[in-house]
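Participant: Sharing a structure here in structure tokens format.
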Amino acid sequence: MLVDASASTRRHGALRRAKGLLAELLEQARHQRVSLALLQADGAKPRWFCRGQRAPQAARRWLEQLGAGGGTPLPAALAEAGGWLQRRRRTHPGERQQFWLLTDGRLRELPRLEPLSCPALLIDIESGPLRLGRARALAAALGAEYRHIDALPLA
1 MLVDASASTR RHGALRRAKG LLAELLEQAR HQRVSLALLQ ADGAKPRWFC RGQRAPQAAR
61 RWLEQLGAGG GTPLPAALAE AGGWLQRRRR THPGERQQFW LLTDGRLREL PRLEPLSCPA
121 LLIDIESGPL RLGRARALAA ALGAEYRHID ALPLA
């Protein structure tokens with residue numbers, strides 16, 4: 001999972017709603033004993049919380065402390081996540097991968113992106129009366145399924 005926690009996600013409670021969804025997803029992952037990786041995109045560069053391990057108890061603390069701020073290193077985070085997924089596939093060839101991106105899609109310009117090498121879901125967390133709708137184009141560039149958080153039953 002890649003979580004966009006840039007300053008723009010503070011608007012209209014977007015990150016707060018995303019954190020509620022993440023709490024549900026992390027709890028499901030813990031119960032199902034699946035391995036996951038969590039990458040946070042905020043500030044100057046992406047930061048890993050965990051890489052390819054069972055949902056740790058510490059994930060709840062990470063989620064509570066997750067706040068929005070700074071720029072959007074989303075292009076760098078996407079490149080890092082894509083590279084990690086490829087390396088992981090080589091070392092764990094039988095593992096079923098999925099990529100989830102939670103973002104408001106508020107990038108100055110859409111970077112040149114390669115489609116991801118596994119099934120992907122972009123969850124658009126943009127909210128408020130003025131929506132730019134850039135997350136849909138980002139999903140298309142990544143070859144990802146698009147869903148708005150309002151359309152998800154867990155949100």
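Each residue of the sequence shown is one higher than the last, beginning at 1 in full-length UniProt numbering. We put the beta carbon where it would ideally sit given N, CA and C, even for glycine.
(1) Examine the Cβ distances between the region 134-143 and the region 105-117 and report whether three or more of them are shorter than 8 Å.
(2) Relative to the C-alpha of K19, which residue among L74, D4, G83, R33 is closest?
(3) Classify L26: buried if its beta carbon has 16 or more other beta carbons within 10 angstroms, exposed otherwise.
(4) With a 10 Å radius around its C-beta and 16 neighbouring C-beta atoms as the bar for buried, classify T72 as buried or exposed.
(5) Put S6 into one of helix, strand or coil per three-state DSSP.
(6) Specify, as a first and last residue, the run of the alpha helix (DSSP H) that G52 falls within.
(7) Should residue 157 go down as buried or exposed, given a rule of 16 or more other Cβ atoms within 10 Å for buried?
(8) Considering only the beta carbon of each residue, do R10 and S35 sit closer than 9 Å?
Facilitator: Taking the geometry as given:
(1) For the pair of segments examined, the region 134-143 was found to touch the region 105-117: the number of CB pairs separated by less than 8 Å reaches three.
(2) The option with the nearest alpha carbon to K19 is D4.
(3) Counting the other CB atoms within 10 Å of its CB gives L26 a total of 16 or more, which places it among the buried residues.
(4) T72 is buried by the Cβ-count criterion.
(5) When secondary structure is reduced to three states using DSSP, S6 falls in the coil class, being assigned neither helix nor strand.
(6) The continuous stretches of alpha helix (DSSP H) do not include G52, which lies in the beta strand (DSSP E) extending over residues 45-54.
(7) No information on residue 157 is available, as it lies outside the stretch 1 to 155 that the chain covers here.
(8) Result no, Cβ atoms of R10 and S35 do not sit closer than 9 Å.
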